[in-house]
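Asker: Mind having a look at this structure? Questions to follow.
Number of protein chains: 2
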Amino acid sequence: MARLTNDRNSCPVSILMNLLSGPWTMYIIWKLSTSGPMRFGALRRQVEGISTKMLTERLRMLEQEGIVHRHYEPTVPPQVTYSLTERAGELVAILDQLNGLAQRWYGDLPDCGAPQAQTEALEETTVLF
Amino acid sequence: MARLTNDRNSCPVSILMNLLSGPWTMYIIWKLSTSGPMRFGALRRQVEGISTKMLTERLRMLEQEGIVHRHYEPTVPPQVTYSLTERAGELVAILDQLNGLAQRWYGDLPDCGAPQAQTEALEETTVLF
DNA sequence: TAAAGTAGGAACCTCAAAGTAACTAGTAGT
DNA sequence: ACTACTAGTTACTTTGAGGTTCCTACTTTA
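And the structure:
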């Protein structure tokens, strides 16, 4: 059984939660939502600590779920840009509420990837998420 | 690093998501919200497949987070009743939205986690979870 | 007399998810 | 010539979360 407890054969919420549960997943979505579309390498640098394997895996999954869009440019060193879909917008909206709740419950100490006012690509804040 | 990626030292949403992410957790909350306060054994029978270890662990955690209330009655075979707190209400409200979203995305496969006819106690076997 | 229910606690075990490292092709820079 | 960057893929290794099993002490039921 293990982690397959709530799998495809379960109800919609389970599917959705399962999808969001994994490590990195929410963080990736949040980053894409706050910093906008990004190329693979940039994203990997933003989500510090993640391995290429994990990032690829998560992105593929999110793409398959229609949450992330993958734009492949077959230039000589290939350029792949990831962005959120409209679907993701609905999701982020709810996540935002969850964020509000969390802020109230656990105090508003580190603003998790600041909904606005991000200094785009760079930033070394270490307060992430 | 593993699953400790988003731990206490992270932002509020991470804490909250982390807390909800684990297997069974959401399901337990949902059961308590739809079926009302329940004793340990009843809950274990409702959340079919869960081990006592897991159920205990999750309940302790949820209690610690102020989401679940534990009422201990020191009768001869002890009676322990679990119920949701007011905090939980706020959470369930948002979870409800997530549910709505999930229904739209993944179609409304009706009852989740009610694989068999449930005979336990009260409960209206509506669209739980 | 034996089994079952009550609410767990403690010890041991397993396997799948996550991490690590090496590798790809083609180009640009030093 | 030798790096490094691009966006990954593949194979190997590990570890810890969750499962399983046995235990409690007392009562009620068959």
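Quick note, the sequences are listed as chains A and B, same order.
Using the numbering used here, you'd call the opening residue of the first sequence number 65 and step up by one each time.
Using the numbering used here, you'd call the opening residue of the second sequence number 65 and step up by one each time.
Even glycine gets a Cβ: it sits at the ideal position worked out from N, Cα and C.
Owing to the predicted nature of the structure, the values given are computational and were not obtained by experimental measurement.
(1) Determine the chain B residues that contact Glu154 of chain A at a beta-carbon separation under 9 Å, and present them in chain order.
(2) Given that Pro138 of chain B touches chain A, what residues does it touch there, using C-beta distances under 9 Å?
(3) Which residues in chain A sit within 8 Å of Leu80 of chain B, going by Cβ to Cβ distance?
(4) Any chance the region 89 to 108 of chain A sits against the region 148 to 160 of chain A, with 3 or more Cβ pairs inside 8 Å?
(5) Among A:Gln167, A:Tyr136, A:Leu119, A:Gly171, which residue has its Cα nearest to the Cα of Lys95 of chain A?
(6) Is there a C-beta anywhere in chain B that falls below 8 Å from the one on Val77 of chain A?
(7) Please report the straight-line C-alpha distance between Met90 of chain A and Leu84 of chain A, rounded to a whole angstrom.
(8) Anyone know if the C-beta pair for Ile92 of chain A and Leu162 of chain B falls short of 8 Å?
(9) Per DSSP, what are the beta-bridge partners of Met102 of chain A in this structure?
(10) Along chain A, which residues have their Cβ under 7 Å away from the Cβ of Ile158 of chain B?
(11) Per DSSP, what kind of secondary structure is Val132 of chain A in: helix, strand or coil?
(12) Looking at the structure shown, is Glu121 of chain B part of a helix, part of a strand, or coil, going by DSSP?
(13) Applying a beta-carbon distance threshold of less than 9 Å, which residues of chain A neighbour Met90 of chain B?
(14) For Ser85 of chain B and chain A, any beta-carbon pair shorter than 8 Å?
(15) Can you give me the Cβ contacts of Val144 of chain A inside the same chain, cut-off strictly under 8 Å, excluding the 5 residues immediately before and after it?
(16) Are there 16 or more other CB atoms within 10 angstroms of the CB of Pro142 of chain B, so buried, or fewer, so exposed?
Answerer: Put simply:
(1) Against chain B, the beta carbon of Glu154 of chain A has neighbours under 9 Å at Leu165, Arg168, Trp169, listed in chain order.
(2) Contact annotation for Pro138 of chain B against chain A: no contact, minimum CB-CB distance about 31 Å [criterion: below 9 Å].
(3) Contact note: Leu80 of chain B reaches chain A through Leu162, Leu165, Ala166, Trp169, Tyr170, using a C-beta cutoff of 8 Å and chain order.
(4) In short, these stretches touch, since the Cβ pair count reaches three.
(5) When each option's Cα is compared against that of Lys95 of chain A, the closest is A:Leu119.
(6) Val77 of chain A has a beta carbon lying within less than 8 Å of a beta carbon in chain B.
(7) The straight-line gap separating the alpha-carbon atoms of Met90 of chain A and Leu84 of chain A is approximately 6 Å.
(8) Taking 8 Å as the Cβ cut-off, Ile92 of chain A and Leu162 of chain B do not qualify as a contacting pair.
(9) Its beta-bridge partners are A:Tyr146.
(10) Correct list: Ile158, Gln161, Leu162, Leu165.
(11) Reduced to three states, the DSSP call for Val132 of chain A is strand.
(12) In the structure shown, Glu121 of chain B sits in a helix (DSSP, three-state: H, G or I).
(13) Simply Asn70, Val77, Ser78, Met81.
(14) Cβ-Cβ to chain A under 8 Å: yes for Ser85 of chain B.
(15) When the five nearest sequence neighbours on each side are left out, the beta carbons in the same chain lying within less than 8 Å of the beta carbon of Val144 of chain A are those of Arg103, Phe104, Arg134, His135, Tyr136, Glu137, in order along the chain.
(16) Here Pro142 of chain B is exposed. Its C-beta has fewer than 16 other C-beta atoms within 10 Å.
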